[in-house]
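Under our numbering, the very last position in the sequence shown is 155; numbers go up by exactly one each time.
We treat Cβ as the ideally placed atom computed from N, Cα and C, and that holds for glycine.
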Amino acid sequence: MIREFNFMIGQELHNKIKDYSDRKNITYNNAIIIIFNMMLPLLKKEHFTGVERKNKYERITAVKRVHLYLDIKIHREIRLIHSNLDFFSMAILVRFLIEEFFKRLEKNKNNEEKVKKAMENMEKKFNDLY
């Protein structure tokens, strides 16, 4: 089952997603879905170890509206964290995941396999603890 989801992003993040999708020869939306699926362990970690945000507004210079269809499991996880940690918007979590992916990709010299492996290790450690 899937859910419709819309959010806004800034120009820099848009350019990174566009470059990534062009490099992988996939659609813009599929690039975001791949990133979400890869970065889910980070989202789960944020849920259990993150601090409450007290509904703080995050100002961005939005230039691009993104319209996605998310797997219901991912949508529920984002919605649950949004509620439990009192985020102003679910979009904050979505942008966080995407930004973290690109930071980690840059740190690993565009080696996506290293990022994926790190997320798998994080999930394993997290599952062992909780």
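Item: Cross-strand partners of E29 (DSSP beta bridge); Value: Y94
Item: Of the residues A143, M115, I97 and N136, the one placed nearest M26, counting alpha carbons only; Value: I97
Item: Paired residues, beta bridge with A87 - DSSP; Value: G35
Item: Local conformation of I103 per DSSP, three classes; Value: helix
Item: Whole-angstrom distance between E125 and T86, CA atom to CA atom; Value: 18 Å
Item: Candidates I117, N50 and K128: closest to I34 by CA position; Value: I117
Item: Close Cβ partners of E131 (< 6 Å) along its chain, the five nearest in sequence each way excluded; Value: none
Item: Whole-number beta carbon distance between M63 and V140, since they are thought to touch under 8 Å; Value: 7 Å
Item: Which of helix, strand or coil DSSP assigns to K134; Value: coil
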